[in-house]
Each structure stands twice: as C-alpha cells, then as structure tokens.
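Notes to accompany the following structure.
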Amino acid sequence: MILESNDREDLEDAVDILENPGLAAQITNVFGKPIEYGVTMLPDGVSRRILEATSSALRSSLRVAVSTMNSERGTRSSNRMHKVLTTLSGAVGGAFGLPALALELPVSTTIMLRSIADIARGEGENIRDVETQLACIEVFALGSR
14 MILESNDRED
24 LEDAVDILEN
34 PGLAAQITNV
44 FGKPIEYGVT
54 MLPDGVSRRI
64 LEATSSALRS
74 SLRVAVSTMN
84 SERGTRSSNR
94 MHKVLTTLSG
104 AVGGAFGLPA
114 LALELPVSTT
124 IMLRSIADIA
134 RGEGENIRDV
144 ETQLACIEVF
154 ALGSR
C-alpha cells in the first residue's frame, strides 16, 4: 500500500505526538500509575463498577462533545482553542486541588474528545457516525500509553 505524501506526513506527525507526549500528559502518567496499580488491587466487583462508571462517563463526554459541533465535514479543526481550553481546565482543577477533580476531569475529558472529533471532522469523517465516535474513543485511549 502506498500512502499519499500528505497522509504520510499526517501519520508521522501522529506517531511523533504519541511517542513524545507533552508535559501535561507526562505529569498525568506519573500520577496515574499509582492509581492504576491501586485499581488492580481492588476486588473484582469494585473494579467492574469502576469500569462501568468510566465507560458511562466517556460515552457521556463524547455525546456532549459531538453535540456541540456542526457535522460539516472537512471543516478545519480548532487545535489551538482546544489546547487552551484543556490547559485552562487543568489549571483551574489544579488550583482548587483534589475537591475540584470531580468537576475538572469530566470537563477536560470532554474538551479532549471534542478536539479529537474536531480533527476527525476536519479529515472528512462524519462525527455523527457511531464508528467515527468509537474511533475517537480509541484515539483518546492511545494518549494514555
């Protein structure tokens, strides 16, 4: 299979982003490791409820993210705006500490999913399509390597 030059450049950019995460992603990974380890130590029933709650929250975040967008394919994505909003959300959450986590985490997750969907739409995908939405969740999951 031969890739067009612009598709190859997009793929190289995506690999670079995944292999060289930004500072925020690195910090999140450092703090996330002990939490992930702690979850593995929980009884199966508790772990299952956490997984179900997480899945439900991700579906809700994606639904909100996509509902705030028009579905016009090929629209240029607003990468800078999403980065600013995610950074701002994280900063506000950080300023108020652990109590703000319950509010900040769903907000920043929704903004990140909206950014992913925005990029997909810019690449010509139909963001109302279930397969595209599932792909957005997959891309979101790739950021947690």
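For the sequence shown, my numbering begins at 14 and goes up steadily by one. Just so it is clear, CB atoms sit at the ideal spot from N, CA and C, and this is done for glycine as well.
Within the same chain, LEU126, GLN146, CYS149 and ILE150 come within 7 Å of LEU75 by CB-CB distance, once the 5 residues on both sides are set aside.
DSSP places MET125 within a helical segment (H, G or I) once states are collapsed to three. By the neighbour-count definition (other C-beta atoms within 10 Å, threshold 16), GLU117 is a buried residue. Ranked by Cα distance from ASP142, the options THR53, LEU55, VAL120 and SER84 are led by SER84. Nearest to SER73 by C-alpha distance, out of VAL152, GLU49 and ILE124, is ILE124. Assignment of ASP57 by DSSP, reduced to helix, strand and coil, places it in the helix class.
In the three-state reduction of the DSSP assignment, GLU22 falls in the helix class, which pools H, G and I. Between ARG86 and ASN139 the beta-carbon gap is near 6 Å, inside 8 Å, which marks them as a contact. Of SER121, ALA27 and LEU114, the smallest CA-CA separation from THR100 is found for SER121.
ALA148: member of the alpha helix (DSSP H) spanning 143-155, first to last residue.
In this structure, MET82 places its C-beta atom within 8 Å of the C-beta atom of ASP131. THR88 places its beta carbon less than 8 Å from that of ARG134.
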